[in-house]
Amino acid sequence: MTGMRNAMAGIGAAVAVAALLTGCSGGDTGDGAEEAKGLTAAEVCRGFAKDAPTVAALTAAMGSERFRDGMSEPDKALDLLKDATEAPLADSYRPQPVKYCWLLPAEGEKDGLSIEFGPAKKAPGLNQEHAKVVTSYASGLQAYSSSGLGRLYFSCSLKEPAHDIVVEAVVHGPGGIPETDLEQRTRLITLANAAARQVSEKLGCEKDGLATGVPSPTAHPTS
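For reference, each letter of the sequence shown is one residue, going -18 to -1, 1 to 205 in mature numbering (1 follows the signal peptide of the UniProt record, and there is no 0).
Right, dumping it as structure tokens:
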């Protein structure tokens, strides 16, 4: 009897340990399927990736289908732009842009991607040397990108008493992408454009000139 009691106690302890390990794993939904980690492309940054091209651009740009979105500050970015519509920017004042969207892959140690917004005096244009190394696109006032950094400018016309402003969107992509990867450039500017369209809608901008879907390239690098 003593041996049987000891055997039963051992089985009970093993069952308890197994239950504890199962509870700590957090990977089973109860029906045998593993619970996915993170958010989908359509769920991050207030759903700015509304269409299939933007979803495809985000997943390909980051090499991940699920993401962490705990550092985005969309409300703060919108407040910054709304403040800029109340009075023209002083020549010497350039407010710090705010990360409207800041994403990391749900798993792994890959680099993140961010899209930040701020008011600008105007679209700056490109000098001859800069134009040689970036791809330009048809969207807003000006849009261009390398394989790691893209910029987009659009005009936000508002009803009085608000002041019209120029909005700058800057997208920082993951590091380590070759500059010869022209597809990555299009992905980045597609993401900046999609976020800009959402911001424009939130602000009530008119005649922003932003492209629908994937912006078309107008000039490729020549060097």
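Don't be surprised by glycine CBs; every beta carbon is placed ideally from N, CA and C.
- Item | Residues of its chain near residue 70, where Cβ-Cβ distance is below 7 Å and the 5 sequence neighbours each way are ignored | 145
- Please list, in chain order, all residues of the same chain as residue 152 whose beta carbon is under 6 Å from its beta carbon, the five residues on each side excluded. 98 and 133
- Could you check the C-alpha separation between residue 22 and residue 48 for me, to the nearest Å? 5 Å
- Message: Quick check on residue 115: buried or exposed, where buried means 16 or more other Cβ atoms within 10 Å of its Cβ?
- Response: exposed
- Query: Are residue 67 and residue 171 close, meaning C-beta to C-beta below 7 Å?
  - Reply: no
- For residue 207, which beta-bridge partners are listed by DSSP? Outside the modelled stretch of the chain, which goes from -18 to 205, sits residue 207, for which no answer is possible.
- Query: Which residues in the same chain have their Cβ closer than 8 Å to the Cβ of residue 189, if we skip the five residues on either side of it in sequence?
  - Reply: 137 and 139
- At what residues does the beta strand (DSSP E) containing residue 81 begin and finish? 80 to 87
- Query: Ordered along the chain, which non-local residues of its own chain (more than five positions away) have a Cβ less than 7 Å from that of residue 160?
  - Reply: 129
- Give the straight-line distance between the Cα atoms of residue 201 and residue 110, rounded to the nearest whole angstrom. 12 Å
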